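Just so you know, we're using our numbering here: the sequence shown kicks off at 10 and counts up by one. Below: the structure, in structure tokens.
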Amino acid sequence: MHEFAHALAADLQGDRMPRAMGRLTLNPARHLDPLGSLMLLLVGFGWAKPVEFRPQALRSRRFGAALVALAGPLMNLLLAFIASLLWVALDTPLSGTNGLFFTYFISLNVFLAVFNLMPLPPLDGSRLLTIFLPPRHQRIIYFLDQYGFLILLGLVFFGSLALILPLRDSVTEFIVRLAGA
10 MHEFAHALAA DLQGDRMPRA MGRLTLNPAR HLDPLGSLML LLVGFGWAKP
60 VEFRPQALRS RRFGAALVAL AGPLMNLLLA FIASLLWVAL DTPLSGTNGL
110 FFTYFISLNV FLAVFNLMPL PPLDGSRLLT IFLPPRHQRI IYFLDQYGFL
160 ILLGLVFFGS LALILPLRDS VTEFIVRLAG A
């Protein structure tokens, strides 16, 4: 859903490239990255194939690129909110299997939103940051982009991702309360 949201935002902003590449679909197979899928199976941490788009094809290059970058994390937050509404509507206790499913689904989607908004290449947060930086600073981000995978792997390996858990917990609590729990 995250990558579909990027594709949809680009398409709505006038770039037909994601549509032409078959990415404007909810079919998860179209969004799988072979290495990311393998890593998910082996180490529990993986990624999807990023949606390619052309900023110059967007109606508003800067605003459109920001919308495309934000679309994925916003989709994760929307999924967390919808799951929270269902959890509340079904009056599901936390202790059962269904309660654990909702808790995990909500927490995972909020984590993915917060994680993807970190300003590190190749994450969505770095795309947002790049949009608002002067060109000389953009070059630094573009340079770091080639090492993004190693940077993220280092964060995972050294347990640094735990630093965003308090923010994930706060956002999760806000979303669940907003849903009426």
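All residues carry an ideal CB built from backbone N, CA and C; glycine is no exception. Quantities reported herein were computed from a predicted structural model and do not represent experimental measurements.
Which of helix, strand or coil does DSSP assign to residue i?
i: Ala-92; result: helix
i: Ala-19; result: helix
i: Ala-190; result: coil
i: Leu-76; result: helix
i: Leu-170; result: helix
i: Leu-87; result: helix
i: Leu-41; result: strand
i: Asn-196; result: The question about residue 196 has no answer, for the chain in this structure spans 10 to 190.
i: Met-48; result: helix
i: Asn-36; result: coil
Look at the alpha carbon of residue i and the alpha carbon of residue j, and state the distance between them as a whole number of angstroms.
i: Leu-49; j: Met-30; result: 24 Å
i: Phe-62; j: Ser-104; result: 43 Å
i: Pro-27; j: Ser-179; result: 34 Å
i: Gly-55; j: Leu-132; result: 13 Å
i: His-40; j: Pro-59; result: 8 Å
i: Ile-140; j: Met-10; result: 23 Å
i: Ser-116; j: Ala-171; result: 14 Å
i: Arg-136; j: Ala-14; result: 15 Å
i: Leu-95; j: Pro-143; result: 44 Å
i: Tyr-156; j: Asn-107; result: 40 Å
i: Pro-102; j: Val-119; result: 20 Å
i: Val-77; j: Leu-99; result: 33 Å
i: Val-52; j: Ala-19; result: 32 Å
i: Phe-72; j: Pro-64; result: 10 Å
May I ask which residues mark the beginning and end of the alpha helix (DSSP H) holding residue i?
i: Leu-159; result: 157-166
i: Arg-145; result: 144-154
i: Met-10; result: Run containing Met-10: none; DSSP gives neither H nor E here.
i: Pro-27; result: 26-29
i: Ser-99; result: The sequence shown places Leu at residue 99, rather than the Ser named in the question. It is not in any alpha helix (DSSP H) - Leu-99 carries neither H nor E in the DSSP assignment.
i: Arg-63; result: Note, Arg-63: premise wrong, no alpha helix (DSSP H); not H, not E.
i: Arg-136; result: 133-141
List the whole-angstrom C-beta distance separating residue i from residue j, where the pair is believed to meet the contact cut-off of C-beta under 8 Å.
i: Phe-90; j: Leu-187; result: 7 Å
i: Gly-23; j: Leu-87; result: 23 Å between Cβ atoms; not a contact.
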